[in-house]
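Numbering (our numbering), first residue to last: 56 to 1041. Note that beta-carbon positions come from the ideal geometry of N, C-alpha and C, so glycine has one too. This structure is a prediction, so every number in the text was calculated from the model and none was measured. Okay, so here's the structure we're looking at.
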Amino acid sequence: MSKQAWSSISKIGDINLPKIAGIYQDDQDEVEQKVEKVVVAHRKKKEGVHVMNIHHFEQLQSTFENHKNEDGSSGFDIDKFREVFKNVLGDTNITFDQMTLLFMKIDANSDGTVDWDEFSGYMMAGSMESDGLALIFDDRVKRLLGSPHRDMIKIIDFIFKERKYLSVGRDGTICLWNQNLKLQKVMYTKDFFPQMSWVADALFVQEFNKLIIVTDNRQLCIYDILSIKPRLLCAISQLEHNPLCLAHASNYEEESDLILFGDDGGFLNVITLRRSFFENTSDTIQYEHLTAAKLTKVEDKETKTWRKLSKEESMKKYNLFFYRRKIHYDWILKIQYIHEINAFITCSSETNRSLAIGDLERKTERHVSVPKGIKCFEYCRRPSFLVTGGRDKVVIKIWNARNLNCLQTLMDKVSHRPENIISSMFYDHQNQQLITGSSKLEPWPLYKNLRRSDTQMEDSSVVSAIYNENFRQVVSGTQSGSITIWDLESGEKIFQFHNAHDSYELTAMCFDKSGRRLITGSRDGIIKMWNFNNGMILKKMQKETMDECTGLMYVEMGSNKYIIAIGWDNKIYIFIDDIDKFECGPARVLNGKGTLTHRGHEDDLSSVSFCPPNIVATSSVDGAIVLWNIESGYIKLTLRDPFLDLRARDEKAVEKVLFLIKQDMFQNYQLSSWPRVPLISSHADGHIRFWEIQEGNLICELNCSRGNEEEGMNTMITDIDATILIVGGSKGYIRVYDVRSFSVDMKKDYSTGCVLKSYWRAHVWSIASLGYANSQELVITASRDSTIRVWTINGNHIGVFGGDVSWYIDDPSTYAHVPEDLRMEAELIKQRNQLLEKQNESIKKNVINNWRGIAVELGGSTTNNGKNEETAEEMNARLMALRKRNLQTHVIQKWNDHATSKKKVRGQIKVSYDAVYSKLKVKDLEDIPTYQPPASLSLNKNNFSGNKFVKNNFNLLSMDIGGANSGTNRNFQLDSKLKNVKGKRN
C-alpha cells in the first residue's frame, strides 16, 4: 500500500475504523464542521479515537511479517492482535470491546486469526469509503427550464463580468440568461458566419469575453459575442481530425495562454497563444484565416522542402503555436485543464481508457476504466470532486477527484429531445448548483447542510434490512444493489457500497452464523459472500440456472457449513462454505417438485427455514410447505391448508416459514429425544398457521386481519428466545404476539399460547423485511417505500435511518415523531370514515322517511286539518305489517325467478361423456292393447276382392289377429307385420 493511499486512513477506535476526509482537504475548517454534523450528536460516552500515521502502519507491517505461530502461520489471534496494537499505538483510550469489534471486522472468514493480507486489504477497502458524509446534490429540488434551443446544448457557462449564464446549442444558437435563469438574449452564429456548420464544442474565455467554437467541418473559430455587433475574429480550418471538445488554460506560461481540444482521432491538440492575440481585436484589425498546415509546417526556400515549424518561429509569425499528442484510442469527448493540479483531464467512450489525467510537460497519464466509457464530466474545486456522465444516457455520477471514488449517483428520469442524453454540464460556484443540459436546462442544487431532509434511503425499494447482534448494526440492501451499514445507536450511515451484483437486482440477503459475513443473491442467480464492513467480496457461487434467487440461509450441521439457496427454478441448492475456494457451484441440488409419490412444489419458492438436526422447510406461492431431510434429500412431509383449493390464486401463497426455536433448545437433548418444534407459516390470505412437523398436522390458525382490512402477512421474525413473534403485513401493519407459552404439546386451546401484544402501522406500503434487536428490544422495519424505521416493542417510533435527526437509543427525548406519511394516511382514513358515516346516516334517514311515507299513504288516518292522529305504536305496527307483506312478496318473487331459471337451465346441464346415457330422458314402452274388431266388420276374403295385395296376405293377417290375445309377444309381432304390410303397400 502506498503512502498516498494510507494518508486517507485517519482514525482508529470508533466502530467505523476508516474515516475519509480527502475530498474536503481544500478547506479544513469546512471539513471539521461537516464531520461534526455526521458524528452522533447525542452519544454520551465518547469512544476512543487515535490518529494513525504512516509510521504506525510501517511498524505494524514489520510486526506482521516477522511474527510466526507454532504452526508456521503469520496471523495474529485476538489476544496477540490487542497486544500488538497497544504496543504500536502506545497508550490509547481504545476500549477492549472496540478492539474486539475491529478484529471481528477484519477476520471476516472467522478462522480466528488476522494476517497481513487481511489487515491491509481491510484498511485499503475502508479507505475507499466515500459515503461517510451525506450526499452532494439534492435530486428533489430541481426544475426543467424551457429554452429556444431546438437541438442539444453543447456548453453551459457563467459570465462573471456580465453576471449571466451562457448556453450554446449544436445548431449554433447562443443564449444569454440572467442569474435566475430567465432568457435575455438569443444569437445565431450563421447570421455573421454563413459557412458555420454544427457546433462540436464551445468555450467562453472569461478574461477577454471571447467565445471559441469548434465545428464538425474541422474548424476552430473565435467570436466576440458581447460587443454591440457580434462578429468573427479568427478561424483555423483544415484540421487533420474533427475537433470535438475544448479547454482553455489562462497564464500557462508568461504572457501566453493555452487552447486545448480533443478530436475524433484520440489526439490532444494544444494551441499556445500570446495574450495579445485576444487583446488586439479592434474592428479595424482583420485576422488571416489560418490552416493547420500553415501552423505546423514551413517551406524551406533554399531546399524547396517542407520542414516542421518551431515554436519560436510560429509564435513570431502567427502569435501562436500548435502541436498534437495521442491520449486515447477513441474519440475524446471532453477535455479540461485544472490549474490546481497542473494537469488536464480527458474522457472517451472507450472502456479501457475512459478517463485520463495527465501532465503536459511530463507526458504521463493516469487512466480510469468504466464500462461503455464516460460521456462528459465536470470538476468541482471546493469541495474537490469530479462529476461524470456515462453512456447510459441519464445517469450522473459524482466522484472524488483525488482517489477516484464514486460519491453519488443521480438519475434523470425526464425524457429529452431530440436525443435522450445529458449533453452538457456546468457546476455553478456562485449559486452552488450543478446545471445539466439536453435541449433544456436543469439545475441540481447542493445540499445546504449535507443532510437529506427526506427519509427515502434509495431510489429503489429496500429488499431486506437485517440486524447484526455482534456489531450492533443494521445492514440493508436495495434492488439497485446498494448495501448500507447503519448504526442502530444513532441512525447514522457507517458505510455503503454499490452495484453488489453489477446491473442485476439484489433479491435476497442473510448473515453467516458468526454474523461477520453477508450473503446476497441476485436476479441472475449469482450468490456472493461479502465482508460487509469494507465491501470486499469473499466468495462467489453460481446456480445451475440464471433464475432469480428468492431466499438464502446459512446452516451449520456439526462441523459442516452450508449455504442454502432457493429461487424461481423450484430447486434447492446447497453450497459448501469452503474458505479456500473463491468460486464454486452447488454441492447438491434438490428437486423442489419432488419425485414419484412425494409431491413437492408446483410454483416458485418463496422462503426457507432450518430446524436441527437436518430438517429444512421450504414454501412456495402455490401454498405448499415441504419438509426435507437435508442429509438424504428426501421429502419428509408436504403441508397444505385444508381449504387451499377453495382460495383465490392470490391468497394461496405462503410468504414466510420459520421454526419456533429457542437459542439453547437443542444443547441438552439427545438425538433420540429432540423436542417437538412447531413450524409457523405466514400466508397471503391474512393468516398465520402453526404446524406440528412430526405428523404434519395443522394445530392452530390465527386470522391477523382486523376489521375489513384484507392484509396479507408478508414476513415474520422471532426474538432469540422465541418468546415473541413479530409479523409484518402487506399494508404496513406490525403485529407482536406473545408465544412464550406456545407448545406443540399444549393440552388446552392452542390459540391461548399466541396472544396479541401490540399492533401499529409502521409504513404506508407493504413490509419487505423485519429485524429485531434483542438487547434493546427494538423492531426494525423495511418497506417498499425505500425507508427503514426503528420502533420500540410497543410501537413507539424512534427514527428513520438516514433521516434529518439522529437519536440516542438510551434517551427517549431524542426519539422522532410519527412519520409524516403515516400521519397523512391516518388523516385520510379518518376523513374517509367520516364521509362514509355521514353517507350511511343519510341513507338510513332516507329509508326511514320513505317507509313512513309509504305507511301513511297506504292506511294512515288524518284529521280534517291533515294532521296525522295515529299514535307511534300504531304507526310501528302498520310498518311491521307492511314490511312483512313486502318480505312475503319478495320471497315469492325470488322463488318464481328460481323456478324459471331452473327450467331454462334444465336442458343445459353439462355432463361428462360417460354419463350421457344416464341423463337421457326416455319414455318406458307400453303394451299394445288387444285389438277388438267391430261387430259389423267380418273378416272375409271376399271383402278385399278389389285389392290383390291384401287378398294375398289376408290369411296371414287373419291368423295374427285371431291370436292377438296370446300376449304381448304376439302384439309385437302383429305391430311389426302391420308395419311391413304398410311399407310394401306404399
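Using 8 Å as the threshold, is the C-beta distance between residue 757 and residue 806 below it? Sequence index remark: in the sequence shown, residue 757 carries index 702 (1-based). Sequence index remark: in the sequence shown, residue 806 carries index 751 (1-based). For residue 757 and residue 806, yes; Cβs fall inside 8 Å.
Please give the ranges of any beta strand (DSSP E) in the segment 586–648, keeping only runs that are unbroken, at least 3 residues long and fully inside the region. Listed in chain order, the complete beta strand (DSSP E) runs (minimum 3 residues) inside the segment 586–648 are 591–597, 604–612, 615–622, 626–631 and 643–646.
Tell me which same chain residues have a C-beta within less than 6 Å of the C-beta of residue 623, skipping the five on either side of it? Translated into positions along the sequence shown, residue 623 becomes position 568. Closer than 6 Å at Cβ, skipping near neighbours: 602, 603 and 659.
Mapping the DSSP letters down to three states, classify residue 931 as helix, strand or coil. In the sequence shown, counting from the first residue as 1, residue 931 sits at position 876. In the three-state reduction of the DSSP assignment, residue 931 falls in the helix class.
Can you tell me whether residue 647 is buried or exposed? The criterion is at least 16 other CB atoms within 10 Å of its CB, across all chains shown. The residue labelled residue 647 in the question sits at position 592 within the sequence shown. So residue 647 counts as buried.
Going by C-alpha to C-alpha distance, which of 397, 431, 428 and 303 sits closest to residue 420? As a working note, residue 420 is residue 365 in the sequence shown. Considering only 397, 431, 428 and 303, the residue with the shortest C-alpha distance to residue 420 is 397.
Using the rule of at least 16 other Cβ atoms within 10 Å of the residue's Cβ for burial, across every protein chain shown, is residue 203 buried or exposed? Within the sequence shown, residue 203 is the residue found at index 148, counting from 1. Around the Cβ of residue 203, a 10 Å sphere holds fewer than 16 other Cβ atoms; the residue is exposed.
Report the rounded CA-to-CA distance for residue 531 versus residue 600, giving the unit in angstroms. In the sequence shown, counting from the first residue as 1, residue 531 sits at position 476. In the sequence shown, counting from the first residue as 1, residue 600 sits at position 545. Cα to Cα, residue 531 sits roughly 26 Å from residue 600.
Would the beta-carbon of residue 310 fall within 8 Å of that of residue 329? In the sequence shown, residue 310 corresponds to position 255, counting from 1. In the sequence shown, residue 329 corresponds to position 274, counting from 1. The answer is yes: Cβ separation under 8 Å.
Nearest-angstrom Cα separation, counted from residue 753 out to residue 539: By one-based count along the sequence shown, residue 539 stands at place 484. By one-based count along the sequence shown, residue 753 stands at place 698. Cα-Cα distance, rounded: 40 Å.
Excluding the five sequence neighbours on either side, which residues of its own chain have a C-beta within less than 7 Å of the C-beta of residue 548, listed in chain order? On the sequence shown, residue 548 is found 493 positions in, with the first residue counted as 1. These residues qualify, in order along the chain: 186, 539, 541 and 857.
Using 8 Å as the threshold, is the C-beta distance between residue 285 and residue 259 below it? Start at 1 with the first residue of the sequence shown, and residue 285 comes out as number 230. Start at 1 with the first residue of the sequence shown, and residue 259 comes out as number 204. Annotated as distal: residue 285 and residue 259, with beta-carbon spacing of 8 Å or more.
Could you check what DSSP says for residue 948 in three-state terms: helix, strand or coil? Reading the sequence shown from its first residue, position 893 is the one you call residue 948. In this structure, residue 948 counts as helix in the three-state DSSP scheme.
Alpha carbon of residue 160 to alpha carbon of residue 254, nearest angstrom: The residue you call residue 160 lines up with position 105 of the sequence shown. The residue you call residue 254 lines up with position 199 of the sequence shown. Approximately 54 Å between the Cα atoms of the pair.
Residue 678 beta carbon less than 8 Å from that of residue 645: If you number the sequence shown from 1, residue 645 lands on position 590. If you number the sequence shown from 1, residue 678 lands on position 623. Taking 8 Å as the Cβ cut-off, residue 645 and residue 678 do not qualify as a contacting pair.
Could you pull the start and end residues of the beta strand (DSSP E) that residue 240 belongs to? The count along the sequence shown starts at 1 and reaches residue 240 at position 185. It spans 238–243 - the beta strand (DSSP E) in which residue 240 sits, taken as one unbroken run.
Do you know how far the Cα of residue 562 is from the Cα of residue 292? Position 237 of the sequence shown, counted from the first residue, corresponds to residue 292. Position 507 of the sequence shown, counted from the first residue, corresponds to residue 562. Taking the straight line from one Cα to the other gives about 56 Å.
Based on Cα-Cα distance, which residue from 780, 516 and 266 lies nearest to residue 796? Reading the sequence shown from its first residue, position 741 is the one you call residue 796. Out of 780, 516 and 266, 780 has the C-alpha closest to the C-alpha of residue 796.
Starting from the C-beta of residue 529, find all residues in its chain whose C-beta is less than 6 Å away, skip the five residues before and the five after it, and write them out in chain order. Taking the first residue of the sequence shown as position 1, residue 529 is located at position 474. Correct list, in chain order: 520, 522, 541, 543 and 835.
Enumerate in chain order the residues of its own chain whose CB-to-CB distance from residue 414 is below 6 Å, with the five nearest sequence positions on each side excluded. Along the sequence shown, one-based indexing puts residue 414 at 359. 398.
Rounded to whole angstroms, what's the CA-CA distance from residue 837 to residue 304? Just pull it up for me. By 1-based counting over the sequence shown, the position of residue 837 is 782. By 1-based counting over the sequence shown, the position of residue 304 is 249. Roughly 51 Å separates the two Cα atoms.
On the CB-based measure, 16 or more other CB atoms within 10 Å of its CB, does residue 384 come out buried or exposed? Along the sequence shown, read from residue 1 onward, the residue named residue 384 stands at position 329. Counting Cβ neighbours within 10 Å, residue 384 comes out exposed, since fewer than 16 surround it.
Return the CA-CA distance between residue 829 and residue 112, expressed in angstroms with no decimal places. Walking along the sequence shown from the start, residue 829 turns up at place 774. Walking along the sequence shown from the start, residue 112 turns up at place 57. Here the C-alpha atom of residue 829 lies approximately 38 Å from the C-alpha atom of residue 112.
Over the uninterrupted alpha helix (DSSP H) stretch that includes residue 154, give me the two end residues. Here residue 154 refers to the residue found at position 99 when the sequence shown is read from its first residue. Looking at the DSSP string, the run of the alpha helix (DSSP H) that includes residue 154 is 151–161.
Our contact map puts residue 363 next to residue 346 with C-beta atoms below 8 Å; I'd like the distance itself, whole angstroms only. Mapped onto the sequence shown, residue 363 falls at position 308. Mapped onto the sequence shown, residue 346 falls at position 291. Wrong, their Cβ atoms sit about 15 Å apart, outside the cutoff.
As assigned by DSSP and simplified to three states, the class of residue 777: As a working note, residue 777 is residue 722 in the sequence shown. Annotated three-state conformation of residue 777 is coil, per DSSP.
Would you report the Cα separation of residue 683 and residue 584, rounded to the nearest angstrom? Here the question's residue 683 lines up with position 628 in the sequence shown. Here the question's residue 584 lines up with position 529 in the sequence shown. Each residue's alpha carbon lies about 25 Å from the other.
Mind reading off the beta-carbon distance from residue 799 to residue 731? Whole number of angstroms is fine, and I expect it under 8 Å. The residue given as residue 799 occupies position 744 in the sequence shown. The residue given as residue 731 occupies position 676 in the sequence shown. Residue 799 to residue 731, Cβ: 4 Å. Contact.
Tell me, to the nearest whole angstrom, how far the beta carbon of residue 301 is from that of residue 314; I am working on the premise that it is less than 8 Å. The residue you call residue 301 lines up with position 246 of the sequence shown. The residue you call residue 314 lines up with position 259 of the sequence shown. 7 Å between Cβ atoms; contact.
Going straight from the alpha carbon of residue 324 to that of residue 380, what length do you get? Within the sequence shown, numbered from 1, the residue matching residue 324 stands at position 269. Within the sequence shown, numbered from 1, the residue matching residue 380 stands at position 325. Between residue 324 and residue 380, the C-alpha separation is close to 6 Å.
Relative to the alpha-carbon of residue 576, which residue among 546, 609 and 588 has its alpha-carbon at the smallest distance? Position 521 of the sequence shown, counted from the start, is the residue given in the question as residue 576. Check the Cα spacing between residue 576 and each of 546, 609 and 588: the tightest is with 609.
Those residues which DSSP pairs with residue 279 across a bridge: Position 224 of the sequence shown holds residue 279. Residue 279 pairs with 286.
Residue 558 burial status per 10 Å Cβ neighbour count (16 or more: buried): The residue labelled residue 558 in the question sits at position 503 within the sequence shown. By the neighbour-count rule (16 or more Cβ atoms within 10 Å), residue 558 is not buried but exposed.
Residue from 349, 407, 306 and 424 with nearest C-alpha to residue 393: As a position in the sequence shown, residue 393 is number 338, starting the count at 1. Ranked by Cα distance from residue 393, the options 349, 407, 306 and 424 are led by 306.
Could you pull out every residue in the same chain whose Cβ sits closer than 6 Å to the Cβ of residue 170, ignoring the five residues on either side in sequence? Here the question's residue 170 lines up with position 115 in the sequence shown. Contacts found: 129 and 130.
Which residue comes first and which comes last in the beta strand (DSSP E) that contains residue 497? The residue given as residue 497 occupies position 442 in the sequence shown. It spans 496–500 - the beta strand (DSSP E) in which residue 497 sits, taken as one unbroken run.
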